[in-house]
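Take a look at the structure below.
Protein chains in written order, with our numbering: chain B, 1 to 378; chain E, 379 to 756.
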């Protein structure tokens, strides 16, 4: 891991996710430079910082003293996680729409590919206190969407979120949970089995380092990532002041499609959806086809963009080449198997996989990694 | 009854309601003239009639030969009904919005006042095969609307319509049923008790003469009257191709407010409502307050327009004066009681009531007729 990546990993432990000031500092001085500025409290000329913002810098300095980025990375390696930074092949460019609310980096767990998975994705979110009706609708929609090749993104919460993830899993489709806590922290506890299954087959994502426990404010901040990653957000059920309405609001701000599901007017958990309709802030969706119609576009982004090899195979360093050669000719494999075949440790394999993906040799598959079509033919 | 009224009564038995050609003929030659044209098949110069339309004239001629307008009026008198024609004090000017689809006349039964009742009215309509959810919503909305002083108009059908009428009755409020059959024909039979109650306390309306049995096509034609009479139409439940959607469509064409109630997407009877939302052809309403907000207007039409006496009391003819003097100083009374007190027959009393209403001396009350404020003070 280079110093810029280590710096970004550290920043995820130091500041609240998506801080406007920190993003401004990173844009000005880079992530390493940002750490220096936090450490020394020396604000460079040309970087406007208000008095109130300077207080935040003080707060970060205290947190930085206690940060243990090496430990975070070690923990992450232990469960086969990875860090994805802006500019990485797996970094979804859709997140750049967040501007100075962009994540500094993302911690990932599971074989799913964040960028490819996000290309054709829909967020299915809603109330934690879902009704049986809402849970059924969320799960049916997610199952249908997964069946049609769409990735279902949600927040891993109780109620609608869990139903959506489970529906996608039932269709053996990809699903991504964007968590407000570390990707290794099973919160809520009753979703522990779901998270384990998703870590094995799909993808867990967090802006916070491993071990981070959930915090009320972070749930709202997290919602912007769900909204930004997906083409559109479907609100299945929401009470009058539900946090899920916040995801819909982010989706609207980001120019994503906002959809909601009608329900009985006698149900508390549909009040938020109906309010969106009355404000003309959401499209009414009643079938998964209507969701696909709303988010689907004719064009290149309906299929993952092709990777063109940029490095000839013989210019790869021996270690990277060993990992590439450990790949089966057909089908997908996992980092652990690759490590065994290539005679390398898991950390090295994960790093090499990043390089190979950037070079267009390999790509993520729903169940691990595989050779690209281009790599097979060279 | 003057000849023009008799002619209009006859026409309701001869042609299908709201016929464009017949309205054109009436506009050109009057109702009596229209009967002459039908009888003689002599189309005056300046009245364009296509070949296909001429066939309709032939059809009317045959029906005219079998029409028994005297019998219709006799039957109507027997149950205390009345005929209301364009220009009558009780004729709702809102019906003129129908243009050449305007009713020729309306047959009424019950003490309610059609014109006053229509001023602050909402149509609450929907599926005959209503779900328990839909029936409950229709009845709750109607009850609330009646409570707020709004007249609930519907079609007297099974399901949503009946629930709406019953909800208004439960609040002791005014409600009007516009029927596709004669106001003395209890169709559907299971609503017989409801119709009897409405005839006693409210109002039944039909474009067809007493004794007319329902006919499939007339249900659709009838819907335009429901839409035109009311400020707005609330669709509570509707299947994909429900007739109630036709009422919503008329309401839209007439510039009335179209509202619909969301429901579970798993319910067949909410499909039509959700389709309207997706076409942005209806406002989402979830509470009666939202209905009132949509149809209510600040201005004179929120209260019945004041009647100013146009005739001094001593210029009334003795018979009319007798009916006026039979009125109690306070409260409402019915035509039967007036007939007894004035020593006149019911037909005469009904005719005199029309005159007295036109003169601003009396007005309809929810439970009959009463002196106007102006009449009390003269």
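Built from N, CA and C at the ideal position, the CB exists for glycine as well.
Keep in mind it's a predicted model, so treat the numbers as computed, not measured.
Answer with buried or exposed for residue 543 of chain E, where buried requires no fewer than 16 other C-beta atoms within 10 angstroms of its C-beta.
Residue 543 of chain E should be labelled buried.
Please find out if some non-hydrogen atom of the ligand ADP comes closer than 6 Å to the beta-carbon of residue 37 of chain B.
The model depicted lacks the ligand ADP and carries no ligand whatsoever.
Closer than 7 Å to chain B by CB, residue 457 of chain E:
Residue contact with chain B for residue 457 of chain E: absent (no Cβ-Cβ distance below 7 Å to any residue of chain B).
Should residue 656 of chain E be flagged as near chain B, meaning a C-beta pair shorter than 7 Å?
Yes - at least one Cβ of chain B is within 7 Å of the one on residue 656 of chain E.
Identify, in the order they occur along the chain, each residue of the same chain with its Cβ nearer than 7 Å to the Cβ of residue 304 of chain B, setting aside the five sequence neighbours on each side.
Low confidence applies to residue 304 of chain B: its pLDDT is 41, below 50, so where it sits in the model is not reliable, and the reading given next is rough at best. Setting aside the 5 residues that flank it on each side, residue 304 of chain B is surrounded in the same chain by 116 and 119, each with a C-beta closer than 7 Å to its C-beta; the list follows chain order.
Nearest to residue 478 of chain E by alpha carbon, out of E/448, E/398, E/712 and E/741?
That would be E/398, whose Cα lies nearest to the Cα of residue 478 of chain E.
If you draw a straight line from the alpha carbon of residue 63 of chain B to that of residue 97 of chain B, how long is it in whole angstroms?
Each residue's Cα considered, the two are about 28 Å apart.
Ordered along the chain, which non-local residues of its own chain (more than five positions away) have a Cβ less than 7 Å from that of residue 576 of chain E?
For residue 576 of chain E, where only same-chain residues beyond five positions count, the Cβ hits under 7 Å are 488, 543, 553, 555 and 582.
Starting from residue 233 of chain B and walking both ways along the beta strand (DSSP E), at which residues does that stretch end?
Here the beta strand (DSSP E) through residue 233 of chain B covers 232-235.
Determine whether the Cβ of residue 152 of chain B lies closer than 7 Å to any Cβ atom of chain E.
Chain E has no Cβ within less than 7 Å of the Cβ of residue 152 of chain B.
Anything in chain B within Cβ reach of residue 511 of chain E, meaning under 8 Å, just list it in chain order.
In chain order: 264 and 266.
For residue 286 of chain B, return the contacting residues in chain E, with the cut-off set at a CB-CB distance below 7 Å.
Within 7 Å Cβ-Cβ: 643 and 652.
For residue 265 of chain B, three-class secondary structure by DSSP
If DSSP states are grouped into helix, strand and coil, residue 265 of chain B belongs with coil.
Sheet register partners of residue 625 of chain E (DSSP bridge)
In the DSSP output, where bridge partners are listed per residue, residue 625 of chain E has none listed.
Within a Cβ cutoff of 8 Å, which residues of the same chain sit near residue 234 of chain B, ignoring the five residues on either side of it in sequence?
Excluding sequence neighbours, residue 234 of chain B sits near 122, 123, 124, 125, 141, 259, 260, 261, 285 and 291.
Let me make sure I understand the geometry here. Which of E/560, E/634, E/578 and E/483 has the alpha-carbon closest to that of residue 592 of chain E?
The candidate whose alpha carbon is nearest that of residue 592 of chain E is E/560.
With distances taken Cα to Cα, identify the nearest neighbour of residue 483 of chain E among E/726, E/385, E/703 and E/601.
With distances taken between Cα atoms, residue 483 of chain E lies closest to E/385.
Under 7 Å between beta-carbons, which chain B residues line up against residue 639 of chain E? List them in chain order, please.
Within 7 Å Cβ-Cβ: 265.
Taking the C-alpha atoms as reference points, what is the distance between residue 52 of chain B and residue 132 of chain B?
The C-alpha of residue 132 of chain B is placed about 46 Å away from the C-alpha of residue 52 of chain B.
Members of the stretch 137-169 of chain B that neighbour chain E once the beta carbon cut-off is set at 8 Å
Listed in sequence order: 137.
Extent of the continuous beta strand (DSSP E) run through residue 742 of chain E:
First-last of the beta strand (DSSP E) with residue 742 of chain E: 740-743.
Starting from residue 257 of chain B, trace the beta strand (DSSP E) both ways and give me its first and last residue.
Element bounds for residue 257 of chain B: 257-260.
Looking only at its own chain, which residues have a Cβ that is under 8 Å from the Cβ of residue 660 of chain E, when we skip the five neighbours before and after it?
613, 626, 636, 637, 638, 651 and 654, listed in sequence order.
Along the beta strand (DSSP E) that carries residue 553 of chain E, what are the first and last residues, could you check?
Bounds of the beta strand (DSSP E) holding residue 553 of chain E are 553-557.
May I ask you to verify whether the stretch 411-422 of chain E touches the stretch 432-451 of chain E, counting CB pairs closer than 8 Å and requiring at least 3?
Counting Cβ pairs under 8 Å, three or more are found: they touch.
How far does the beta strand (DSSP E) with residue 531 of chain E in it reach, from first residue to last?
First-last of the beta strand (DSSP E) with residue 531 of chain E: 529-532.
Report yes if the C-beta distance between residue 549 of chain E and residue 574 of chain E is below 7 Å; otherwise report no.
Not closer than 7 Å, so no.
Tell me whether residue 47 of chain B sits in a helix, a strand or coil according to DSSP, three-state version.
Three-state DSSP puts residue 47 of chain B in coil, outside helix and strand.
Other residues of its chain near residue 646 of chain E: CB distance less than 7 Å, five sequence neighbours each side excluded:
Hits under 7 Å: 617.
Could you spell out where the alpha helix (DSSP H) holding residue 693 of chain E opens and where it closes?
For residue 693 of chain E, there is no enclosing alpha helix (DSSP H), as DSSP marks it with neither H nor E.
Between E/699, E/722 and E/723, which lies nearest to residue 740 of chain E when the distance is taken from Cα to Cα?
Closest option to residue 740 of chain E, Cα to Cα, is E/699.
Whole angstroms are fine: how far does the CA of residue 243 of chain B sit from the CA of residue 463 of chain E?
Looking at the two C-alpha atoms, the distance is approximately 58 Å.
Helix or strand or just coil, what does DSSP make of residue 320 of chain B?
Helix at residue 320 of chain B.
Neighbourhood of residue 91 of chain B by C-beta, 7 Å cutoff - its chain only, sequence neighbours within 5 removed:
Excluding positions up to five away in sequence, the list reads 84, 85 and 115.
Can you give the Cα-Cα distance for residue 603 of chain E and residue 634 of chain E, rounded to whole angstroms?
One alpha carbon belongs to residue 603 of chain E, the other to residue 634 of chain E, and they sit about 12 Å apart.
Which residues does DSSP list as the beta-bridge partners of residue 125 of chain B?
According to DSSP, which records beta bridges pairwise, residue 125 of chain B is partnered with B/235.
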